[in-house]
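Engineer:
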Amino acid sequence: MKNNEKVVIVTSVAAVIALVLDAFMFVQHGHSLTSSSVWPRLLLFIVLAIIVNGLSFLKMRFCGYATILVNLYFAIASLAAFQMVSPRESAYGLFIQALSIVGILVGAAGVYYGAKQRADYTKAKI
């Protein structure tokens, strides 16, 4: 599998995990998912994933950096859900923590593939 295909898969999975975790956190903090303050944040995850997935096939100069930053953002969003879940010892809390750990690992994999994407671009230009 090519690196840009791996970037698309990892970024899409990280975006979905971050989106689900953020939706759970909004509900936990008493916000309705139909609220107008919730949807811009959730749509941001989708827009960022679409941008990175599109850039990964263009192989432009800064697409590796965009991949790194967006996947780092998704990993940090997963870390925030891991830290803020309450109650931690319930089945709900354990599920959120497990999903958060998976989100952090997938985001870290996205950072790795973004760095590899940047290295491949540099190697192709030399």
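Converting from the sequence shown to this note's numbering requires adding 426 to each position, the first position being numbered 1.
Glycine included, every Cβ here is placed at the ideal spot set by N, Cα and C.
In angstroms with no decimal places, state the Cα-to-Cα distance between Ser463 and Phe450.
Structural biologist: Rounded to whole angstroms, Ser463 to Phe450 spans 14 Å at the Cα level.
Engineer: Does the separation of the CB atoms of Ile522 and Val511 fall below 9 Å?
Structural biologist: Contact flag set, yes.
Engineer: When we look at the beta-carbon of Ile530 and count the other beta-carbons within 10 Å, is it buried (16 or more) or exposed?
Structural biologist: It is buried - the Cβ of Ile530 has at least 16 other Cβ atoms within 10 Å.
Engineer: With a threshold of 9 Å between beta carbons, is Lys549 in contact with chain D?
Structural biologist: Reference to chain D is not applicable here, since this structure consists of a single protein chain.
Engineer: Thinking C-beta only, is Val537 closer than 9 Å to Ile443?
Structural biologist: Against a cut-off of 9 Å, the Cβ pair of Val537 and Ile443 comes out as no contact.
Engineer: Which of the three DSSP states is assigned to Glu431 in this structure?
Structural biologist: Helix.
Engineer: Answer yes or no: do Ile502 and Ala541 have a C-beta to C-beta separation smaller than 9 Å?
Structural biologist: Contact: no.
Engineer: Over the uninterrupted alpha helix (DSSP H) stretch that includes Phe471, give me the two end residues.
Structural biologist: Residues 465-484.
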